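K.L.:
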Amino acid sequence: METTQEFLNITGLSHIYSYFDILMNLSLSIFLGLFISYVYKLTHKGVSYSQSFMLTIVFVTIIVAMVMMVIGNNIARAFALVGALSIIRFRTVVKDTKDTAYIFLALASGMAAGTSSYFLAMSGAAVTSIVAYLLYITNYGSIYSSEFILRFRLKTNESSIDQAYLKILKNFTKKTNLLHIEPSGDSLSSRLTFDVIMRKDLSPSEMSLELSKLDEITELVVVASEHDIDY
Numbered sequence: 122m123e124t125t126q127e128f129l130n131i132t133g134l135s136h137i138y139s140y141f142d143i144l145m146n147l148s149l150s151i152f153l154g155l156f157i158s159y160v161y162k163l164t165h166k167g168v169s170y171s172q173s174f175m176l177t178i179v180f181v182t183i184i185v186a187m188v189m190m191v192i193g194n195n196i197a198r199a200f201a202l203v204g205a206l207s208i209i210r211f212r213t214v215v216k217d218t219k220d221t222a223y224i225f226l227a228l229a230s231g232m233a234a235g236t237s238s239y240f241l242a243m244s245g246a247a248v249t250s251i252v253a254y255l256l257y258i259t260n261y262g263s264i265y266s267s268e269f270i271l272r273f274r275l276k277t278n279e280s281s282i283d284q285a286y287l288k289i290l291k292n293f294t295k296k297t298n299l300l301h302i303e304p305s306g307d308s309l310s311s312r313l314t315f316d317v318i319m320r321k322d323l324s325p326s327e328m329s330l331e332l333s334k335l336d337e338i339t340e341l342v343v344v345a346s347e348h349d350i351d352y
């Protein structure tokens, strides 16, 4: 029996973690995975939100913690796992580059939890999440502050092309930026796209109602873009 234990110790195949350590590491990885996924959901911007990505963050954190406990301090086992996991192919394209950062955070948290570095795992996840939330509420990196995207088709053969709709925009909006002009094939109309910030006491529905009354405007669309579109 002693000879068998000595062989396991020499080859690095003996258990490095006790049952209590394994349960602690897995419990912490579950907590960190849920915490990171919640921060991701709270600070997410754009239309590429996916529930499966939320679940992926949780699973990645737990699985990486397990992998780190399997590897332990055995280098040979680490290379064997790399070879085994290299057959996995992920074909899902990450739509938002920021999502990659959350995957790396889940990986790092799982690695820290799997090696029983509890303080590093919890403090690292907490500090990164605080930074992510601060960047979210300050809208860091945004060039323009956008609330709504206004799009409509304007008839260019009208004699009063430059007054009515501009007056309405001026009355209802605090700031207006022309983003896009797309002339039609017959040159009789153009599709205009504006980035607008509404006045506090006025609503986009009132503005769209006034614009729709103009004969030279058709295909009117107002899209809320405060959390969806960056320019």
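Residues in the sequence shown are numbered consecutively from 122, following the numbering used here.
Virtual Cβ for every residue (Gly too), placed ideally from N, Cα, C.
Remember, it's a predicted structure, so these values are computed and weren't measured experimentally.
(1) How long is the line joining the alpha carbons of residue 252 and residue 327, rounded to whole angstroms?
(2) Could you say which of 288, 308, 259 and 227 lies nearest to residue 276 if we only look at CA atoms?
(3) Are the beta-carbon atoms of residue 224 and residue 183 separated by less than 8 Å?
(4) Return the chain-ordered list of same chain residues with a C-beta closer than 8 Å to the C-beta of residue 281, the five sequence neighbours on each side being excluded.
(5) Counting Cβ pairs closer than 8 Å, one from the segment 229-240 and one from the segment 138-152, do we hit at least three?
(6) Which of helix, strand or coil does DSSP assign to residue 220?
(7) Please classify residue 310: is it buried, with 16 or more other beta-carbons within 10 angstroms of its beta-carbon, or exposed?
(8) Which two residues bound the contiguous beta strand (DSSP E) that contains residue 297?
(9) In angstroms, rounded to a whole number, what distance separates the CA positions of residue 250 and residue 270?
(10) List the residues that DSSP assigns as beta-bridge partners of residue 276.
(11) Among residues of its own chain, excluding the 5 on either side of residue 131, which ones have a beta-carbon nearer than 8 Å to its beta-carbon?
(12) What's the call for residue 360, buried or exposed, on a 16-neighbour Cβ count within 10 Å?
(13) Please report the straight-line C-alpha distance between residue 143 and residue 228, rounded to a whole angstrom.
(14) Bridge partners of residue 317, per DSSP?
(15) State the CB to CB distance for the pair residue 297 and residue 317, rounded to an integer number of angstroms; the pair is presumed to be in contact (CB under 8 Å).
(16) Taking residue 259 as part of the beta strand (DSSP E), name the residues at either end of that continuous run.
(17) Residues bridged to residue 338 by DSSP?
P.N.:
Taking the coordinates as given:
(1) 38 Å
(2) Taking only the C-alpha atoms, the option nearest residue 276 is 308.
(3) Going by beta carbons, residue 224 and residue 183 fall outside the 8 Å limit.
(4) Low confidence applies to residue 281: its pLDDT is 47, below 50, so where it sits in the model is not reliable, and the reading given next is rough at best. Around residue 281: 337.
(5) yes
(6) helix
(7) buried
(8) 294-304
(9) 30 Å
(10) 310
(11) Its pLDDT being 47, under 50, residue 131 is placed unreliably by the model, and the measurement read from it follows with that caveat. In the same chain as residue 131, and ignoring 5 residues on each side of it, no C-beta atom comes closer than 8 Å to its own.
(12) One cannot answer for residue 360 here, as it falls past the ends of the chain, which runs 122 to 352.
(13) 17 Å
(14) 269 and 297
(15) 5 Å
(16) Element bounds for residue 259: n/a, residue is neither H nor E.
(17) Beta bridge pairing from DSSP links residue 338 with 275.
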